[in-house]
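Peer 1:
Protein chains: 2
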Amino acid sequence: MVDRAKPGEQTRTPLPGPRQPSLADVAGMAGVSHMTVSRVVNESGPVRPETRERVLAAVQKLGYRPNTAARALVTGRSGTLGVVALESNLYGPASTLYGIENAAREAGYGVAICSVTRPGRTSIGDAVESLRRQAVEGIVVIAPHVTAGRALEAAPADIPLVAVGGGEAAPVPVISVDQYDGARRVTEHLLSLGHRTVWHLAGPEDWLEARDRERGWRETLEGRGLRVPAVVRGDWSPRSGYEAGRALVGKRGLKAVFSANDQMALGLLRAFTEAGIRVPEDVQVAGFDDVPEAEYFTPPLTTVRQDFIEVGRRTFGLLEERMAGGDAGARHLVAAELVVRESTRAR
Amino acid sequence: MVDRAKPGEQTRTPLPGPRQPSLADVAGMAGVSHMTVSRVVNESGPVRPETRERVLAAVQKLGYRPNTAARALVTGRSGTLGVVALESNLYGPASTLYGIENAAREAGYGVAICSVTRPGRTSIGDAVESLRRQAVEGIVVIAPHVTAGRALEAAPADIPLVAVGGGEAAPVPVISVDQYDGARRVTEHLLSLGHRTVWHLAGPEDWLEARDRERGWRETLEGRGLRVPAVVRGDWSPRSGYEAGRALVGKRGLKAVFSANDQMALGLLRAFTEAGIRVPEDVQVAGFDDVPEAEYFTPPLTTVRQDFIEVGRRTFGLLEERMAGGDAGARHLVAAELVVRESTRAR
DNA sequence: CCGAATGCTGTTAGCGCTAACAAGACCACT
DNA sequence: AGTGGTCTTGTTAGCGCTAACAGCATTCGG
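Protein sequence lines correspond, in order, to chains H and Y. Quick note on the working numbering: the first sequence kicks off at 961 and runs consecutively. Quick note on the working numbering: the second sequence kicks off at 961 and runs consecutively.
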């Protein structure tokens, strides 16, 4: 495992084999100038149908493929977007990535990714820099993390950049699901079942989504003058939900719990089951995300659905607007939807 | 070539915006030729330390960033790999993607992705073509699908390509977790608990992983001369597992079930619970994948762990070898590990 | 003291493509 | 015939970079 040659260095021999056909080769075969071929390929400028046919035939025959590097060099546009993705299988971020990729591909852009294990000022900065070296035209940062916001404060101003689900205070457009509203809805739903208050299993303090969900929960209770129980905090994992569940067991007045995501809710259910607490008969539980599994938990979980495809689409739209030089505005919200299942059925 | 390299002079009027500084700009500021700057930046060739310092200072000051397009144009190497990813939140494929991206980044490569919704001959071909237009140097196809194999038969021979978890019959190197062995181990584990046979909830017929797991299960039973129950088939989703579970309820001799993935196992557990069948007391259930949730199912699920990070690393290694012109061999397996939990505890 | 090896730097020639303009053909009118 | 248009095609000049080689010094062996 010695120092291997990196692609940018010239220590490697060029790839073997005959070189790819160029415009000039096609031009030669079709008996026209390379510019005519360029015009045919890019549909830019008038070409006589007859000539066009000849050129296309030659393109076909030689298997000509435009050289993106040459094109990018002269146009200054690479046709590639960059996405800084949080390396995790968390349902939301992964889904968002695909949403963005789809929208981008439809618009003719390629997508380069750069993953980040732990969001933070430096790592996000590094990722952005790494993408810039790949000459992306714009960048999406999927980093629903508080520190991401700080990292984005120092965001380079000379490249279009938008953030998904984070970067609250940063000078970049942000798009996200309306966590606050979603949390309000779950909390209200739980209260509507006749409970005097709702407990909350929150996500990590340094995630904006966790904060928004917690705020939605808290303000709903406060708005009704209800007691606000102490927050229990997890780290999104089922394990942390399980541990939180064990801590909650036996709390006085524990009738309804809103977990900040479905995975932790799963842990809760597990802990309650072990302790002989029945859901929904004894305690009612709701989650957030609507992961595909949620419908099949024991019992099926009431949760909040987020439309990540829509988030991806809107994100790309925003970035496109920025790249066109427009002002994309500051904050964009996608509505969340309450999905009621067995875990909160009225007794 | 105009006199654009005179020290300290800005020979061009930047029309649309301030263009990115080029080698020539750095050279001008440092009072050297652009070649010297190139040598410093790429650490290719001898440069006097003193000169080097001056150049680096200029690079720093101007915020110089090499133009990848220009470099790619002249070297014929883009420094980018392409990954064809299945658009899904299935735990395996998503994890593999990150594994590959990590290994690639460490080696100095960028990663472009192109997702496909439904694998098939055309869509994978399209994705590969789309990546080629982005001038990737090599391609990884994550497509554990039977049709993927057929699509890869027609794989372009003029670009290094490796497949993850699929493309059995294709003329490309394939790397995957040893599904067959994993399935054998689970089945043997279930049999070791004293059952006369093991039922199997298989994945979609057109997934190679599903086939391998099924084969591992079947041959284990056959090898011991045990009865092989009719296979029940799902589509990986919890829902299909639930439906399969309802179909299995009441089958004679139903004592042990091996589900081809954890999500379906979750559905099974749900169906059994609803039917009053206790796990593991009445029936014992095992899954495959070891998703993070599996440990917190009710009951915690016995399953098979796959090391996707290792898969990603090995995959990149293989691709690198191919890119260097080497023969990467045909099939590479990563070991699977049995994880025993409550759902198969001996009574 | 000479020729050769070495270290450092510069010059030149493209890579394949597009932007911009030039040029020829053809047409319709004066 | 002359003038000005449109349509089609060609020519030229780079984009920013690296490969290859060409200069210079300087050093070294003999």
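We put the CB at the ideal spot given by N, CA and C, even for glycine. Computed from a prediction, not measured in an experiment: that's the story for all the values here.
Hey, H:R1301 and H:P1260 are a contact pair by Cβ (cut 8 Å); roughly how many whole angstroms apart?
Peer 2: The pair is a contact, with the Cβ atoms about 4 Å apart (cut-off 8 Å).
Peer 1: Any beta carbon of chain Y sitting closer than 8 Å to that of H:A1029?
Peer 2: Yes, H:A1029 counts as interfacial toward chain Y.
Peer 1: Assuming the contact rule is C-beta atoms closer than 8 Å, H:T1263 and H:D1249 should be a hit. Round their C-beta distance to whole Å, please.
Peer 2: So it is a contact: roughly 6 Å between Cβ atoms.
Peer 1: Please confirm if H:P1252 has its CB atom under 8 Å from at least one CB of chain Y.
Peer 2: So yes, H:P1252 belongs to the interface.
Peer 1: Could you name the residues of the same chain whose beta carbon sits closer than 7 Å to that of H:D963, not counting the 5 residues immediately before and after it, in chain order?
Peer 2: Summary for H:D963: the model assigns pLDDT 34, below 50, so the residue's position carries little reliability; its value from the coordinates is reported in the next sentence. Within the same chain, H:D963 has no close Cβ partners at all.
Peer 1: Exposed or buried, H:D1242, counting other C-beta atoms within 10 Å across all chains shown (16 or more means buried)?
Peer 2: H:D1242 comes out exposed.
Peer 1: Quick one: which chain Y residues come within Cβ less than 8 Å of H:V1071?
Peer 2: Per Cβ cutoff of 8 Å: A1072, I1073, C1074.
Peer 1: Return the chain-ordered list of same chain residues with a C-beta closer than 6 Å to the C-beta of Y:G1194, the five sequence neighbours on each side being excluded.
Peer 2: So the list reads L1161, S1200, G1201, A1204, M1224, once near-sequence residues are dropped.
Peer 1: Which two residues bound the contiguous alpha helix (DSSP H) that contains H:Q1020?
Peer 2: Element bounds for H:Q1020: 1009-1022.
Peer 1: With DSSP as the reference, please indicate the residues paired to Y:H1155 in a beta bridge.
Peer 2: Its beta-bridge partners do not exist; DSSP assigns none.
Peer 1: So which residues of chain Y does H:A1095 contact, with C-beta pairs closer than 8 Å?
Peer 2: Going along chain Y in sequence order, the residues near H:A1095 (Cβ under 8 Å) are N1027, T1028, A1029.
Peer 1: Could you name the residues of chain Y that H:G1227 contacts, counting a contact when the two beta carbons are closer than 8 Å?
Peer 2: Chain Y residues near H:G1227: Y1256.
Peer 1: Which runs of the beta strand (DSSP E) fall wholly inside the segment 1052-1130 of chain Y and span at least 3 residues, in chain order?
Peer 2: As far as the segment 1052-1130 of chain Y is concerned, its whole beta strand (DSSP E) runs of at least 3 residues are 1070-1076, 1098-1102, 1121-1124.
Peer 1: Looking at chain H, is there any beta carbon in it that lies within less than 8 Å of the beta carbon of Y:S982?
Peer 2: By this cut-off, Y:S982 is not an interface position.
Peer 1: In this structure, how does DSSP classify H:V1264 when only helix, strand and coil are distinguished?
Peer 2: H:V1264 falls in the strand class under three-state DSSP.
Peer 1: Can you tell me the Cα-Cα spacing of Y:R1212 and Y:D1166, whole angstroms?
Peer 2: The straight-line gap from Cα to Cα measures roughly 29 Å.
Peer 1: Pull up the DSSP beta-bridge partners for H:E1165, would you.
Peer 2: H:E1165 pairs with nothing; no bridge assigned.
Peer 1: Ordered along the chain, which non-local residues of its own chain (more than five positions away) have a Cβ less than 8 Å from that of H:R1065?
Peer 2: The answer, listed in chain order, is V1071.
Peer 1: Nearest to H:V1137 by alpha carbon, out of H:K1215, H:R1274, H:E1234, H:E1013?
Peer 2: The shortest Cα separation from H:V1137 among H:K1215, H:R1274, H:E1234, H:E1013 belongs to H:R1274.
Peer 1: Which residues, in chain order, does the segment 1044-1058 of chain H contribute to contact with chain Y at a C-beta distance below 9 Å?
Peer 2: Of all residues in the segment 1044-1058 of chain H, A1045, E1047, S1048, N1049, Y1051, A1054, S1055, L1057, Y1058 have a Cβ within less than 9 Å of some Cβ in chain Y.
Peer 1: Can you list, in chain order, the residues of the segment 1210-1235 of chain H whose Cβ is nearer than 7 Å to any Cβ on chain Y?
Peer 2: Residues Q1223, L1226, G1227, L1229, R1230, T1233.
Peer 1: Does the CB of H:R1238 have a neighbour CB from chain Y at under 8 Å?
Peer 2: It does not; no Cβ of chain Y falls within 8 Å.
Peer 1: Return the CA-CA distance between H:I1269 and Y:N1049, expressed in angstroms with no decimal places.
Peer 2: In a straight line, the C-alpha of H:I1269 is about 13 Å away from that of Y:N1049.
Peer 1: For a test of the three-state rule: what should DSSP assign to H:A1290, helix, strand or coil?
Peer 2: If DSSP states are grouped into helix, strand and coil, H:A1290 belongs with coil.
Peer 1: Would you say H:P1104 reaches chain Y, if we count a Cβ-Cβ gap shorter than 8 Å as a contact?
Peer 2: No, its Cβ sits nowhere closer than 8 Å to a Cβ of chain Y.
Peer 1: Within this structure, are the beta carbons of H:Q1139 and H:R1093 separated by less than 8 Å?
Peer 2: Against a cut-off of 8 Å, the Cβ pair of H:R1093 and H:Q1139 comes out as no contact.
Peer 1: Hey, H:I1060 and H:V1088 are a contact pair by Cβ (cut 8 Å); roughly how many whole angstroms apart?
Peer 2: About 16 Å; that fails the 8 Å criterion.
Peer 1: Quick one: is Y:S1200 near chain H, going by C-beta distance under 8 Å?
Peer 2: Y:S1200 does not count as touching chain H.
Peer 1: What did DSSP end up calling H:T1316 once you bin it into helix, strand or coil?
Peer 2: Outside the shown range of chain H (961 to 1307) lies residue 1316 of chain H, about which nothing can therefore be said.
Peer 1: Does the segment 1008-1023 of chain Y come close enough to the segment 979-994 of chain Y to have 3 or more Cβ pairs within less than 8 Å?
Peer 2: The segment 1008-1023 of chain Y, when compared against the segment 979-994 of chain Y, does touch it at the 8 Å Cβ threshold.
Peer 1: For H:G1210, report the span of its alpha helix (DSSP H) as first-last.
Peer 2: That residue, H:G1210, is in no alpha helix (DSSP H); it is neither H nor E in DSSP.
Peer 1: According to the neighbour-count rule (16 or more other Cβ atoms, all chains shown, within 10 Å of its Cβ), is H:N1027 buried or exposed?
Peer 2: So H:N1027 ends up on the buried side.
Peer 1: Nearest to Y:L1214 by alpha carbon, out of Y:E1234, Y:G1052, Y:Q1244, Y:D1222?
Peer 2: For the residues Y:E1234, Y:G1052, Y:Q1244, Y:D1222, the minimum Cα distance to Y:L1214 belongs to Y:Q1244.
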